[in-house]
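> First the structure, then my questions, so here it is.
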Amino acid sequence: MARANGNGRLANAHHDGGSYEGRLIVPASGFTPAPPVPRPNIFPLEWITVTEPLAALYEKAKRQSWNPSDLPWHALDPAQFTPEQRLGIMYWYATLAVFDGSGPAVFAAAMIHAYEAQAEDPIRKCFFTVARDEVNHEECCQRAIERVMPGGPLRFEARTAFERAALNNIQWLYHNGGRYWRGYTKSLDKYPLSVLFTSFLLGEVAASTLFYGMSHRTTIPVFKEVFTKVGQDESRHLAICLKMLENDWPGLVQEQKDLITKQLRAGFVFLSMILWEPPKQFWDLPDYFIPNHRVLIDAARDAGLGVLTYDEQAANWRLAIARVRKIVEDWGIKFPAIPELDLEGVDVGHITADDIIPVF
Ligand SMILES: [Fe+2]
Ligand SMILES: [Fe+2]
Numbered sequence: 001m002a003r004a005n006g007n008g009r010l011a012n013a014h015h016d017g018g019s020y021e022g023r024l025i026v027p028a029s030g031f032t033p034a035p036p037v038p039r040p041n042i043f044p045l046e047w048i049t050v051t052e053p054l055a056a057l058y059e060k061a062k063r064q065s066w067n068p069s070d071l072p073w074h075a076l077d078p079a080q081f082t083p084e085q086r087l088g089i090m091y092w093y094a095t096l097a098v099f100d101g102s103g104p105a106v107f108a109a110a111m112i113h114a115y116e117a118q119a120e121d122p123i124r125k126c127f128f129t130v131a132r133d134e135v136n137h138e139e140c141c142q143r144a145i146e147r148v149m150p151g152g153p154l155r156f157e158a159r160t161a162f163e164r165a166a167l168n169n170i171q172w173l174y175h176n177g178g179r180y181w182r183g184y185t186k187s188l189d190k191y192p193l194s195v196l197f198t199s200f201l202l203g204e205v206a207a208s209t210l211f212y213g214m215s216h217r218t219t220i221p222v223f224k225e226v227f228t229k230v231g232q233d234e235s236r237h238l239a240i241c242l243k244m245l246e247n248d249w250p251g252l253v254q255e256q257k258d259l260i261t262k263q264l265r266a267g268f269v270f271l272s273m274i275l276w277e278p279p280k281q282f283w284d285l286p287d288y289f290i291p292n293h294r295v296l297i298d299a300a301r302d303a304g305l306g307v308l309t310y311d312e313q314a315a316n317w318r319l320a321i322a323r324v325r326k327i328v329e330d331w332g333i334k335f336p337a338i339p340e341l342d343l344e345g346v347d348v349g350h351i352t353a354d355d356i357i358p359v360f
């Protein structure tokens, strides 16, 4: 290959090897060191692997990748449902989208943060796969809604009281979903990665439990596939979180442990909206929201979506929380009180929008 050298003459790379060195400029006083790269920064670019199991999880993520477009959406016939059931299904997916719709941006931001913090290569790549998965999960919400309620969740014409109630509840859900983003982006710089991981951990345990339960319960074939695929992704996310935490927890100071205790409570408050029913903290909702929410979820349940009953959801939540509690307590981190589920623990005070780290 020919190129112009500094003097404008053409140098030919086909010269014998010895001439390469002859063409180099080596200052008599030595090379000038490049300025250090300011931190935080995504450079230097290196591919260091410390935790082999994380590299294996990245490989697994690539092998398990799937395409939401390939699922049998055509077999989902809106005519098989009553108008209320169609609305119920749309409403449940709109609620899920408060969580899964935030997934891509939340994990993409976490990925950039992992680069800036110069986390090892498989951590950066694992965050990338989680963001990738969350785009698929969001696409499932989108496709399900498009199929049963074109224009949903926000741009359909609400003509009946049932439709108006659904639309209004969804608007309130999205108002709340939009309240934590600033807090989250600030928290990326404020908290060490391990604190973030703990918030993610509760979300991943909750999500894998939720989708596992629904995949067994639903009577609608395409949703069975959705829940199975999404559940598989979520349990891989859980494995990723656990591996990351194993590395980080031994180095935590007490202040960070206390922060994690509070984060676990924040995770419960936030995730209860999709997993059960939300406590009266953080969520800014009108009085009629929960009664109407129950009616809409009943319609989704009657349609065969696979939504567990209130008591089954509470039992599931208790199970998921017990798993996380066991893990964090092994590391000397106290668990918060969850009086809503009769679980004793540390009182961490009121949870506000600033405490919420979005997850799923
Ligand atoms: Fe997830
Ligand atoms: Fe997800």
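Mapped onto this note's numbering, the consecutive letters of the sequence shown carry residue numbers 1 to 360.
Virtual Cβ for every residue (Gly too), placed ideally from N, Cα, C.
1) So what does I297 bridge to, in DSSP terms?
2) Hey, would you say the C-beta of V295 is under 8 angstroms away from at least one heavy atom of ligand 1?
3) With DSSP as the reference, identify every bridge partner of I338, one or two as the case may be.
4) Three Cβ pairs or more, each shorter than 8 angstroms: is that satisfied between the segment 145-162 and the segment 91-101?
5) Take R323 and list the residues in its own chain whose beta-carbon comes closer than 6 angstroms to its own, dropping the five residues that flank it on each side.
6) For W73 and M273, I'd like the C-alpha separation in whole angstroms.
7) Within 10 Å of its beta-carbon, does N5 have 16 or more other beta-carbons around it, so buried, or fewer, so exposed?
8) If you compare alpha carbons, which of E84, R143 and A55 is closest to P68?
9) Are at least three pairs of beta-carbons, each pair with one atom in the segment 300-318 and one in the segment 280-288, less than 8 angstroms apart?
10) Below 7 angstroms CB to CB, which residues in the same chain sit around T129 once its five sequence neighbours on both sides are set aside?
11) In this structure, how does DSSP classify D287 when only helix, strand and coil are distinguished?
12) I'd like to check one pair, F127 with A117: are the Cβ atoms closer than 9 angstroms?
13) Residues in the same chain with beta-carbon distance under 8 angstroms from R361, minus the five sequence neighbours each way, listed in chain order, please.
14) When you compare only the Cα positions, how much space is there between G349 and E46?
15) Kindly examine ligand 2 and report whether one of its heavy atoms sits closer than 8 angstroms to the Cβ of G103.
16) To the nearest angstrom, how far is it from the Cα of F81 to the Cα of L87?
17) First and last residue of the alpha helix (DSSP H) that includes N316?
18) Quick one: residues in its chain with C-beta nearer than 7 angstroms to the C-beta of S208, no 5 flanking neighbours on either side, listed in chain order?
19) Answer yes or no: the CB of V230 versus the heavy atoms of ligand 2, is any distance below 8 angstroms?
20) Can the beta-carbon of I321 be found less than 9 angstroms from the beta-carbon of F270?
21) In this structure, how does DSSP classify M149 when only helix, strand and coil are distinguished?
22) In chain order, which alpha helix (DSSP H) runs of at least 4 residues are fully inside the segment 18-57?
23) Going by C-alpha distance, which of P153, S102 and A119 is nearest R132?
24) To the nearest angstrom, report how far apart W66 and E138 are at their CA atoms.
25) Assign D355 to one of two classes, buried (16 or more other C-beta atoms within 10 Å of its C-beta) or exposed (fewer than that).
26) Would you mind stating whether A299 and E84 have Cβ atoms separated by less than 9 angstroms?
Straight from the coordinates:
1) Here residue 297 is taken as the residue at index 297 of the sequence shown, counted from 1. Answer is none; I297 lacks a bridge partner.
2) As a first step, residue 295 must be located in the sequence shown, where it is residue number 295. Not so, every heavy atom of ligand 1 lies at least 8 angstroms from the Cβ.
3) Indexing the sequence shown from 1 puts residue 338 at position 338. For I338, which the question treats as bridged, DSSP gives the partners L343.
4) yes
5) Indexing the sequence shown from 1 puts residue 323 at position 323. Contacts found: V205.
6) Residue mapping note: residue 73 aligns to position 73 of the sequence shown, counting from 1. Residue mapping note: residue 273 aligns to position 273 of the sequence shown, counting from 1. Answer to the nearest angstrom: the Cα atoms are 26 angstroms apart.
7) For this step, residue 5 is matched to residue 5 along the sequence shown. Unreliable positioning characterises N5 in this predicted model, as indicated by a pLDDT of 45, which lies under 50. The coordinate reading is nonetheless provided below. By the 10 Å Cβ count, N5 comes out exposed.
8) Along the sequence shown, read from residue 1 onward, the residue named residue 68 stands at position 68. Among E84, R143 and A55, the Cα nearest to that of P68 belongs to R143.
9) no
10) The residue you call residue 129 lines up with position 129 of the sequence shown. Only Y58 and A61 meet the Cβ criterion.
11) Along the sequence shown, read from residue 1 onward, the residue named residue 287 stands at position 287. The answer is coil: DSSP assigns D287 none of H, G, I, E or B.
12) Your numbering for residue 117 matches position 117 in the sequence shown. Your numbering for residue 127 matches position 127 in the sequence shown. Going by C-beta atoms, A117 is not nearer than 9 angstroms to F127.
13) Since the first and last residues shown for the chain are 1 and 360, residue 361 lies out of range.
14) Position 349 of the sequence shown holds residue 349. Position 46 of the sequence shown holds residue 46. Approximately 42 angstroms, taken between the alpha carbons.
15) On the sequence shown, residue 103 is found 103 positions in, with the first residue counted as 1. Within the cutoff, so yes.
16) Working through the sequence shown from its first residue, we reach residue 81 at position 81. Working through the sequence shown from its first residue, we reach residue 87 at position 87. Looking at the two C-alpha atoms, the distance is approximately 9 angstroms.
17) Counting from one through the sequence shown, the residue named residue 316 turns up at place 316. Taken as a continuous stretch (DSSP letters only), the alpha helix (DSSP H) holding N316 covers Y310 to D330.
18) For the purposes of this step, residue 208 is taken as the residue at position 208 of the sequence shown. For S208, where only same-chain residues beyond five positions count, the Cβ hits under 7 angstroms are G231, E234, S235 and L238.
19) The residue you call residue 230 lines up with position 230 of the sequence shown. Yes - ligand 2 has a heavy atom lying nearer than 8 angstroms to the Cβ of V230.
20) One-based indexing of the sequence shown puts residue 321 at position 321. One-based indexing of the sequence shown puts residue 270 at position 270. Going by C-beta atoms, I321 is not nearer than 9 angstroms to F270.
21) By one-based count along the sequence shown, residue 149 stands at place 149. M149 falls in the coil class under three-state DSSP.
22) 18-23
23) Mapped onto the sequence shown, residue 132 falls at position 132. Considering only alpha carbons, the answer is S102.
24) Locating residue 66 in the sequence shown gives position 66, where the first residue counts as 1. Locating residue 138 in the sequence shown gives position 138, where the first residue counts as 1. Whole-angstrom Cα-Cα distance: 13 angstroms.
25) Residue mapping note: residue 355 aligns to position 355 of the sequence shown, counting from 1. By the neighbour-count rule (16 or more Cβ atoms within 10 Å), D355 is buried.
26) Indexing the sequence shown from 1 puts residue 299 at position 299. Indexing the sequence shown from 1 puts residue 84 at position 84. Yes, the Cβ-Cβ distance between A299 and E84 is below 9 angstroms.
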